[in-house]
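Chains as they are written, first to last, in the working numbering: chain A, 1 to 464; chain V, 1001 to 1464.
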């Protein structure tokens, strides 16, 4: 084995999969099981303190499905792992040819709702599972977390600052994307700025202050380079003394016709300090200088700071948002819900595992809204049911080709902010929010009862 | 902006950085600050329930440092962001030319110990910060978590199964690498098997069972393809009935001269079920069939299962290990600790921020061991101090070139297991472990006192 940066590229993403996807597919192949089947991507339950999810990751799923292929290098490796030649020949020509329905990115969703629904020959539908779960789990986890931080900041800008502690390079990019989608105003991640067009922000680090003989020298040096947009970090030695020096430098800038952008607090009691610093700046005629706060922030801390009357104009939120620290995943799964039988008809199926039963059949999610378009309740129903609400799943892929106008990140962000504004406030409480009503249609409930009875009979009472 | 899978490659890793690294460097450049400086990478404190860290990520840091460059596309983007031409010319020719010392990967380390020490012209040393933090944070977080799971399993194999909920593609690769390093026996990640040579494992999913008319048909189909190494998932409908069917299939396999590998439990009360399934298998003369357990496992759950007498032979551990769920990051930072002054001499520096003060100067970490090589205590000292213990930091890079025989993953794993075996048991308790002693040398303490006094005087008492 050679030494490696370990980055995954488009060429290798087919192999970014759990081995069992390949062993199952080899066995489907071996047993000549090529019938179509439908899988549902959904989230099993709400994590503690979450009351909704902001769905994200569809764009990468669709690009993956269009492009996923196996190369000779992969085939060689799999051969050495004991896979048979016939199956490997199949993989050589593998393409995804199925149909996909999905809820659009930036939509608020709830547990058990089908987010992405894949219908394809069983081997194709199975083989793509791991990548889909991986990218939607990360992006939905982060978009949801970030939307809570944005909500807690009550209109004040939030900048995503977590690149250094997000989980690797791919997470660094996706977190910037999803937190911007969820309402953050920008990111510190320069590559995300370049690739996704997200506004980038940056101030200075303690090292910059420390490299100079005196703190005030570092401030003067920095504003020399960026006279019109500097934010000075003032807590390296003493916040208040740092603020005094920043005020002096701001006055020097005024004489040159420039204005200091802001000061940054990164440690200590941010509520208390921000009030003192605000007072100091105002006293010096520097009402326009913004106070920017960072340091171990999350939605709970932001809410608390604002309740304490902190004089903070914008927040830099890093690690805890970028890793979704209090819950770094969602219980997302990808489950078989129907298969084609010998007659060529689709028949619904379900799983009974304790605490992990699934909803059978091909489903649609209907959203009910009031006269002001506020969300009232959702109903999960079978696809062909006539239900009054707005159907959320739309067709996004046909015969393996994207048949959906992929929205830009700005458009997805717009949808997310619109969705968040239409979710009644009570559901956005950071803790102890009530449960948003999600009902199952009568037909779906009836189907589940029937199947449960039949499966119990066949698999449990009379199993062999 | 175009639509994107958002993967980061070697070509773009220079831009995978916080904007402030670039703004600071632009200002260093503008202010003609080219002097050398030294930065320390270290972890500020132990997270709850952690008593040590398993250091990981050096290989990727060194490969990054050797290869990081800026391309014209990057320069163009930065120009649009307002960076000046002179600085951009500097970036066009940017190379890392510094000296790096590091503790080897797979070493047990503690808070405040220098893990990687970088000495280079200030712009170079600053610009590389974000990537280093990103990769070492992820890998050290996961290696540490995984070592706890392995320790809790008390010699039973642990397979890393978390790919679907790890944070993106890069995390998927690095988690496989670091959990293997920490003692896991393999991964479900096929690409990690191919790129890193890690043994891969896979069983079957519920969908495989559900696709067939009857559960037992799915078992027969699977062992047809893999007669010598199948593990059957038995909880899709009812664990015990599933086990009965697996026993029948095992007997059928015996007649063909094969042996069933194992059965997998993935839900319910794993301790209780495993005992019943073990009894059932033994009763059928299937003592050789292993019981494999998975489903929401982590070190706490594994320890609990074994205390309850679970009859489990191996564990598949996924999401909670692969995201380090109870603490998805370490408080890792990269701090300036000395700078070259006008006379060309290095002088130590420190930061005083509340609760975030740093250790000044170029340091070495010395480990004291008893006669059986068990770890007794560490001492953090200035580099040129004569201390009796074993120095942990070694030179790994000189003038921007790797001068260190990069160990293979197997070698790193060996070091990690050796280190873990030499850390006294009491420090490996999953909760409430005592603090391993890490002392500061007298000279270092004296230096800190002096600097603190001087900085208080200059920056706080008489600040401007």
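Backbone N, C-alpha and C define an ideal beta-carbon position, used for all residues, glycine too.
Item                                                                                                                                         : Value
Top-ranked residue by Cα proximity to residue 84 of chain A, from A/64, A/180, A/23                                                          : A/23
Where residue 1064 of chain V meets chain A, residues with beta-carbon distance less than 9 Å                                                : 5
Contacts of residue 1202 of chain V in chain A (Cβ-Cβ under 9 Å)                                                                             : 18, 19, 20, 21, 22, 23, 24
Close beta carbons around residue 65 of chain A, own chain, < 6 Å, minus the five adjacent residues each side                                : 96
Residues of the region 150 to 176 of chain A with Cβ closer than 7 Å to any Cβ of chain V, in chain order                                    : 163, 164, 165, 166, 167, 168, 169, 170, 171, 172, 173, 174
Run of the alpha helix (DSSP H) containing residue 449 of chain A, from where it starts to where it stops                                    : 442 to 455
Where residue 1264 of chain V falls: helix, strand or coil (DSSP)                                                                            : strand
Option in A/389, A/428, A/349 with minimal Cα separation from residue 454 of chain A                                                         : A/349
Cβ neighbours of residue 89 of chain A in the same chain (closer than 8 Å, five flanking residues each side left out)                        : none
Per DSSP, cross-strand counterpart(s) of residue 1340 of chain V                                                                             : V/1346
Element boundaries [beta strand (DSSP E), containing residue 397 of chain A]                                                                 : 394 to 398
Minimum Cβ-Cβ distance from residue 268 of chain A to chain V less than 8 Å                                                                  : yes
Beta-carbon contacts of residue 67 of chain A that lie in its chain and below 8 Å, excluding the five residues immediately before and after  : 10, 13
Rounded C-alpha distance that separates residue 1297 of chain V from residue 281 of chain A                                                  : 52 Å
Distance between beta carbons of residue 201 of chain A and residue 186 of chain A, contact taken as under 8 Å                               : 5 Å
Beta-carbon proximity check, residue 236 of chain A vs residue 209 of chain A, cutoff 8 Å                                                    : yes
Contact under 8 Å by Cβ, residue 311 of chain A with residue 363 of chain A                                                                  : no
Reduced DSSP secondary structure (H/G/I, E/B, other) of residue 220 of chain A                                                               : helix
Interface partners of residue 1097 of chain V on chain A, CB under 7 Å                                                                       : Those within 7 Å of residue 1097 of chain V in chain A number zero; the least Cβ separation is about 18 Å.
Integer-rounded CB distance, given that residue 1191 of chain V should sit under 8 Å from residue 16 of chain A                              : 5 Å
Amino acids of chain A, ordered along the chain, whose beta-carbon sits closer than 9 Å to that of residue 1221 of chain V                   : 27, 28, 30, 31, 33
Buried versus exposed, by CB contacts within 10 Å (16 or more), residue 288 of chain A                                                       : exposed
Proximal chain V residues relative to residue 205 of chain A, where beta-carbon distance stays under 7 Å                                     : 1020, 1024
Sub-8 Å separation of residue 112 of chain A and residue 1165 of chain V beta-carbons                                                        : no
The region 1035 to 1051 of chain V contacting the region 1328 to 1339 of chain V, beta-carbon criterion three pairs below 8 Å                : yes
Under 8 Å by beta carbon: chain A residues contacting residue 1214 of chain V                                                                : 458, 459
Sequence-distant residues of the same chain with beta carbon closer than 6 Å to residue 1091 of chain V, five excluded per side              : 1070
Residue environment, residue 1261 of chain V, which counts as buried when at least 16 other CB atoms sit within 10 Å                         : buried
DSSP-derived helix/strand/coil call for residue 1083 of chain V                                                                              : coil
Residue 104 of chain A: contacting residues in chain V (beta-carbon distance under 8 Å)                                                      : Those do not exist, as residue 104 of chain A stays about 14 Å from chain V at its closest Cβ, beyond 8 Å.
Residue 277 of chain A versus residue 240 of chain A: straight-line alpha-carbon distance, rounded                                           : 7 Å
Beta-carbon contacts of residue 173 of chain A that lie in its chain and below 6 Å, excluding the five residues immediately before and after : 192
Opposing strand residues paired with residue 121 of chain A [DSSP bridges]                                                                   : A/36
Under 7 Å from the C-beta of residue 59 of chain A: neighbouring residues of chain V                                                         : 1003
Per-residue burial, residue 1344 of chain V [other beta carbons within 10 Å of its own, 16 or more giving buried]                            : exposed
Chain-ordered neighbours of residue 1300 of chain V on chain A, where CB pairs are closer than 9 Å                                           : Near residue 1300 of chain V there are no residues of chain A at all, since even the closest Cβ is about 16 Å away, more than 9 Å.
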